[in-house]
Each structure stands twice: as structure tokens, then as C-alpha cells.
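Report on the following structure.
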Amino acid sequence: QVRLAESGGGLVQAGESLRLSCAASGTIFNINAMGWYRQAPGKQRELVATIISRGSTNYADSVKGRFTISRDNAKNTVYLQMNSLKPEDTAVYYCNGRFNGIPYDYWGHGTQVTVSS
């Protein structure tokens with residue numbers, strides 16, 4: 567069993583930055599992929615960024631050049647550095663991960679990011 571715990575959300579003004587963290591705990595032999603999704607009110611959950619075991623990254627077009635995903639393998643932690651935040655980035659951000667070669671998605675409980683104009 568694997569648990570994901572997000573932290574780092576909050577309220578900021580447009581143009582400011584935030585860094586989200588997601589720590590994975592439990593029985594982890596290897597990390598296949600970890601990433602961030604977000605869900606704004608009245609909208610579907612959408613991909614923000616992912617990083618796979620080899621280190622390749624993938625970003626939604628809406629965040630390219632502003633957000634950076636990274637990881638610390640020793641801590642089983644993934645980060646999302648969010649710069650130049652916009653009001654449309656306001657959402658609950660969820661951490662997602664796949665581990666140990668098992669095709670099962672683990673999710674965190676989410677952290678709220680609110681960007682005021």
C-alpha cells in the first residue's frame with residue numbers, strides 16, 4: 567500500500583510563485599511515474615505535469631514555461647514549482663503516482679491553490 571501526501575498550497579496573487587510537494591510512503595520498491603493533476607470548480611480533473619522513472623517530463627500546454635516538475639528519489643518526493651501564477655491556475659492540485667510496476671493509480675487528498683487577480 568502506498569500513501570501520497572501533498573503540501574504547499576495556499577493563496578497567492580497573480581504573478582507570484584508556489585511550490586507543491588508530494589511525499590510517497592509505504593511499500594515502495596520503485597517509482598514508475600509521479601505527477602500532478604488539478605481540478606477547478608465545475609471542471610474535469612486535468613493533467614498538469616508528470617515525471618517518469620527515467621526522468622522524462624510532460625506538461626500541459628497551459629503551464630509550459632511556468633511550472634517545473636522535479637523529484638527527489640531518496641525521499642520518494644515529487645515537487646511542482648509554479649511560477650508566474652495566473653487566476654486560471656486556481657484549483658485543487660492532486661498528486662498521482664504509480665509504483666512497483668503495478669498499473670494502479672494512487673492519489674493524494676489534494677491541496678488548494680488559489681490565485682487572486
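Numbering (my numbering), first residue to last: 567 to 683. Cβ coordinates follow ideal geometry from the N, Cα and C atoms, glycine included.
Find out if the Cβ-Cβ distance for the pair residue i, residue j is shorter than 8 Å.
i    : j    : result
V658 : R604 : yes
V681 : L651 : yes
V629 : V614 : yes
W673 : N662 : yes
A589 : N639 : no
Go through its chain and collect everything with a Cβ distance to residue i's Cβ below 7 Å, but skip five positions before and after it.
i    : result
G592 : Q567, V568 and R569
G676 : E572, V658, Y659 and Y660
T634 : Q647
S683 : A580 and P653
Could you pull the start and end residues of the beta strand (DSSP E) that residue i belongs to?
i    : result
A580 : Segment: none, A580 is in no beta strand (DSSP E) and carries neither H nor E.
R611 : No beta strand (DSSP E) holds R611; DSSP gives it neither H nor E.
T593 : Element bounds for T593: n/a, residue is neither H nor E.
Residues in the same chain with beta-carbon distance under 6 Å from residue i, minus the five sequence neighbours each way, listed in chain order, please.
i    : result
R632 : N649 and S650
S636 : Y645
G575 : T677, Q678 and V679
To which residues of the same chain is residue i closer than 8 Å at the C-beta, ignoring the five residues directly before and after it?
i    : result
E612 : Y603, R604, Q605 and A626
Problem - the segment 624-631 contacting the segment 573-591, beta-carbon criterion three pairs below 8 Å - result: The segment 624-631, when compared against the segment 573-591, does not touch it at the 8 Å Cβ threshold.
Problem - alpha helix (DSSP H) segments (min. 4 residues) lying fully within the segment 605-669 - result: DSSP assignment within the segment 605-669 yields no whole alpha helix (DSSP H) run of 4 residues or more.
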